[in-house]
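**Student:** What follows is a structure written as structure tokens; I'll ask about it next.
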Amino acid sequence: MRSSWRSCTGASIPHEKLVLLESFITERTQGLFGDRLRFELAAARAEDSEDLRGLGTYGFIRGASAFIIGAVHRDIDNLEDYGYLMERIVLYATQLSLATCWLGGSFYKDNFSARINIRPNEIVPAVVSMGVPAGNRNMVDRLIRNVAGSKKRLPWDRLFFEADARTPLQPEGAGKFAEVLEMVRLSPSASNRQPWRLVKDGTVVHFFLCRTKGYRKPMFSDLQRIDMGIAMAHFETVCQELNIAGAWKQATSSPRAVENWEYTVTWESH
Ligand SMILES: Cc1cc2nc3c(=O)[nH]c(=O)nc-3n(C[C@H](O)[C@H](O)[C@H](O)COP(=O)(O)O)c2cc1C
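The opening position of the sequence shown corresponds to residue 154 in the working numbering, with each subsequent residue numbered one higher.
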């Protein structure tokens, strides 16, 4: 059900949904790599979204009535955790029928940083807009989706592999992970680059980052590491939904990979 929705009505989010969101956000701050992150819900106070307009999204988002803003410590630099925790908020908001959109480039960093009283050495790597979805996507939304090719995803044989990291894994060969991987495939990613590569070796699944050449921009955070955390959130959420028990582990020796892939983490089912 989730897709990036940049067209909102401007109506404020009903109070009971804000309460649910607020407690979801404050209760889940522990990342997978051990650190706590902080997230804040900046919701429009008045009956309209004017209150938030000053934060600025370069006109990418219309009528948002809330933003989720988070901060990471520069030295700890846990961007996968940032993606993981934020995407769980996104999925929860989707469940509450709210429109969401990740913003890694199209937001005024200074304004958002000020809004959460950024501390020394903290950065806001990306934010998520939220609102009551308009019935139809506006022109800007349609245009951005066209440019990013948002509807499309890479096929299975480009994303998922058998233990040798070369033989493409097909849904028929993925066993209990077939639906889990399909939901990873539907993850949102910056500019829809889908940099995740997964290798299934028996009951474990290794996650690798395959960077898009030349994509990293100095003024932005390392968005592809955030993408990786998002894919992890989808993977874990669907495992929980399907009662597939398991846990995240760090492999002791490097699992087999293709040359330019960067190892991130392993899911081990029990
Ligand atoms: C880390 C990250 C950063 C993103 N930054 C932006 C952005 O700055 N502006 C924007 O309009 N969309 C942004 N997006 C949304 C993507 O373009 C979108 O997720 C992708 O095209 C797939 O479309 P979907 O989310 O509708 O499935 C971002 C997504 C992610 C995950």
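Ideal Cβ positions, reconstructed from N, Cα and C, are used throughout, including at glycine.
None of the values given here were measured: they were computed from a predicted structure.
Would you kindly check if the distance between the Cβ of residue 399 and the Cβ of residue 236 is under 7 Å?
**Tutor:** To locate residue 236, count along the sequence shown from 1; it is residue 83. To locate residue 399, count along the sequence shown from 1; it is residue 246. Contact: no.
**Student:** Which complete beta strand (DSSP E) runs does the segment 247-271 hold, if anything under 3 residues is left out?
**Tutor:** If we require 3 residues or more, the beta strand (DSSP E) runs fully inside the segment 247-271 come out as 252-256.
**Student:** Where does residue 394 land, buried or exposed, given buried means 16+ other C-beta within 10 angstroms?
**Tutor:** Residue mapping note: residue 394 aligns to position 241 of the sequence shown, counting from 1. Residue 394 should be labelled exposed.
**Student:** Kindly list the residues whose CB is nearer than 7 Å to the CB of residue 195, restricted to its own chain and excluding five residues on each side of it in sequence; keep chain order.
**Tutor:** As a working mapping, residue 195 is identified with position 42 in the sequence shown. These residues qualify, in order along the chain: 205, 219, 220, 222, 268.
**Student:** How about residue 418 and residue 318: do their beta carbons lie closer than 7 Å?
**Tutor:** Reading the sequence shown from its first residue, position 265 is the one you call residue 418. Reading the sequence shown from its first residue, position 165 is the one you call residue 318. Not closer than 7 Å, so no.
**Student:** Is residue 330 helix, strand or coil by DSSP?
**Tutor:** For the purposes of this step, residue 330 is taken as the residue at position 177 of the sequence shown. Helix, per DSSP.
**Student:** Going by the DSSP bridge assignment, what does residue 286 pair with across the sheet?
**Tutor:** Residue 286 sits at position 133 when you count from the first residue of the sequence shown. Beta-bridge pairing links residue 286 to 161.
**Student:** Does the beta-carbon of residue 234 have 16 or more other beta-carbons within 10 angstroms, so that it is buried, or is it exposed?
**Tutor:** Counting from one through the sequence shown, the residue named residue 234 turns up at place 81. Buried, by the Cβ-count rule.
**Student:** What's the C-alpha gap between residue 231 and residue 392?
**Tutor:** For the purposes of this step, residue 231 is taken as the residue at position 78 of the sequence shown. For the purposes of this step, residue 392 is taken as the residue at position 239 of the sequence shown. Going by the C-alpha atoms only, they are around 23 Å apart.
**Student:** To the nearest angstrom, report how far apart residue 369 and residue 327 are at their CA atoms.
**Tutor:** Indexing the sequence shown from 1 puts residue 369 at position 216. Indexing the sequence shown from 1 puts residue 327 at position 174. If I take the Cα positions, the gap works out to 32 Å.
**Student:** By alpha-carbon positions, which one of 403, 192, 294 ends up nearest to residue 217?
**Tutor:** One-based indexing of the sequence shown puts residue 217 at position 64. Measuring from the Cα of residue 217, the nearest candidate turns out to be 294.
**Student:** Mind pulling the beta strand (DSSP E) runs of 3 or more residues that sit fully within the segment 296-342?
**Tutor:** DSSP runs (the beta strand (DSSP E)) wholly in the segment 296-342: none.
**Student:** In the DSSP output, which residue or residues are listed as bridge partners for residue 423?
**Tutor:** Working through the sequence shown from its first residue, we reach residue 423 at position 270. Residue 423 pairs with nothing; no bridge assigned.
**Student:** How about residue 264: is its Cβ closer than 6 Å to a heavy atom in ligand 1?
**Tutor:** Locating residue 264 in the sequence shown gives position 111, counting from the first residue. No; taking the cut-off as 6 Å, the Cβ of residue 264 has no heavy atom of ligand 1 nearer than that.
**Student:** Any heavy atom of ligand 1 closer than 6 Å to the CB of residue 376?
**Tutor:** For the purposes of this step, residue 376 is taken as the residue at position 223 of the sequence shown. Yes; taking the cut-off as 6 Å, the Cβ of residue 376 has a heavy atom of ligand 1 nearer than that.
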